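Peer 1: Residues 0 to 221 (numbering that gives the first Met the number 0) make up the sequence shown, in order.
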Amino acid sequence: MKRKIITTSDGSKTIQIEDWDEQYHSKHGAIQEAYHVFIKNGLDLYENKSINILEIGFGTGLNALITCIEAKRKNLNINYTGVEAYPVLEEELQQLNYIAELKAYDFEAVFKKMHSIDWEINFPVSEQLSLIKQQKDFMEIKDVDCYDLVYFDAFGARVQPELWTEEVFAKMYTAMKNNGVLVTYAAKGSVRRAMLAVGFKVERLPGPPGKREMLRAIKEIV
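(1) For the alpha helix (DSSP H) containing E32, name the first residue and the last one.
(2) Report the rounded CA-to-CA distance for D144 versus I220, giving the unit in angstroms.
(3) For I116 and K176, what's the separation of their Cα atoms in angstroms?
(4) Counting only runs that start and end within the stretch 134–174, where is the alpha helix (DSSP H) found for 4 or more residues in a row?
(5) Tell me whether I16 sits in a helix, a strand or coil according to DSSP, three-state version.
(6) Which value, in whole angstroms, describes the spacing of the CA atoms of E21 and L75?
(7) Could you please give the first and the last residue of the uninterrupted alpha helix (DSSP H) stretch that includes M194?
(8) For A109, collect the residues of the same chain with a Cβ closer than 7 Å to its Cβ; drop the 5 residues on either side in sequence, then sort them by chain order.
(9) Do Y172 and K218 have their C-beta atoms closer together than 8 Å?
(10) Would you check if the distance between the CB atom of L130 and the CB atom of G56 is smaller than 8 Å?
(11) Alpha carbon to alpha carbon, how far is L214 from A193?
(12) I65 to A174, Cα distance in whole Å?
(13) Whose C-alpha, out of N121, V201, I4, is nearest the C-alpha of Q93?
(14) Could you tell me the distance, in whole angstroms, from the CA atom of V197 to the CA atom of L162?
(15) Evaluate contact between the stretch 48–63 and the stretch 22–37, counting only Cβ atoms and requiring at least three cross-stretch pairs below 8 Å.
(16) Give every residue of the same chain whose Cβ lies closer than 7 Å to the Cβ of E69, excluding the five residues on either side of it in the sequence, and list them in chain order.
(17) Look at the alpha carbon of A63 and the alpha carbon of D9, and state the distance between them as a whole number of angstroms.
Below, the structure is given as structure tokens:
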């Protein structure tokens with residue numbers, strides 16, 4: 000499918016799949032969305048500890064980058080697993096402007112390392128964050144009680160409804176620790192119902208720019 004780099008409303012770039020009219024990040028602001036959904040409503044729940052994060056849809060690496068930046072500020076040690084079936088191309092990565100837009104020049108080498116390290120190898124990309132990238136389908140995830148936090152950043156249900164089913168969220172529920180948190184930009188009723196059906200407690204929260212709501216799901220075993 001044809002892909003191109005576009006500039007979103009906050010000045011940061013993302014990849015658009017033209018045939019789907021779908022972007023890797025919100026066209027209303029790639030960086031703004033990432034911070035609102037995954038940091039403000041996810042990572043900010045944790046401080047001064049070690050945590051395990053699973054990202055569904057590693058993509059451009061933006062979420063991993065801002066997590067690495069915030070980990071230093073919040074004194075977190077993070078084991079980060081990024082699952083991606085179709086890795087971004089090197090020529091696409093070279094056109095992204097996240098380091099400049101974030102003014103995170105100290106993390107430029109870290110961002111490059113995130114994309115250059117081999118798949119399936121756990122590698123310390125910074126003092127605060129170790130990364131393992133796994134190239135596979137989301138349904139191949141077989142982890143049990145592993146993750147404190149899940150960034151669910153798959154393509155939207157409009158274009159890939161099979162990624163937002165009870166079957167997928169049951170995989171997430173199993174992979175998460177008790178009291179683990181899953182955050183996503185999505186807010187569709189069908190997504191919320193799928194989460195509830197597998198046992199999550201689900202909250203509707205104010206969404207990022209361009210979206211009224213988002214969802215946060217918590218695995219609570221009493």
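Ideal placement from N, C-alpha and C gives every residue a C-beta, glycine not left out. Since the structure is predicted, the reported quantities are computational estimates derived from the model, not experimental observations.
Peer 2: A quick look at the data gives this:
(1) Element bounds for E32: 29–33.
(2) If I take the Cα positions, the gap works out to 12 Å.
(3) Taking the CA atoms as reference points, I116 sits about 27 Å from K176.
(4) Listed in chain order, the complete alpha helix (DSSP H) runs (minimum 4 residues) inside the stretch 134–174 are 165–174.
(5) Correct three-state label for I16: strand.
(6) The alpha-carbon separation between E21 and L75 amounts to approximately 33 Å.
(7) Per DSSP, M194 belongs to the alpha helix (DSSP H) from 188–196.
(8) Rather than Ala, the amino acid found at residue 109 in this sequence is Val. Answer for V109: C67, V124, S125, listed in chain order.
(9) Less than 8 Å divides the Cβ of Y172 from the Cβ of K218.
(10) No. Outside cutoff.
(11) Distance between the alpha carbons of L214 and A193 is about 12 Å.
(12) When rounded, the distance between both Cα atoms is 23 Å.
(13) Minimum Cα distance to Q93 is reached at I4.
(14) A straight-line Cα-Cα distance of about 15 Å links V197 and L162.
(15) Segment contact: the stretch 48–63 against the stretch 22–37, three or more CB-CB distances shorter than 8 Å; contact assigned.
(16) So the qualifying residues of the chain are I38, L42.
(17) Roughly 19 Å separates the two Cα atoms.
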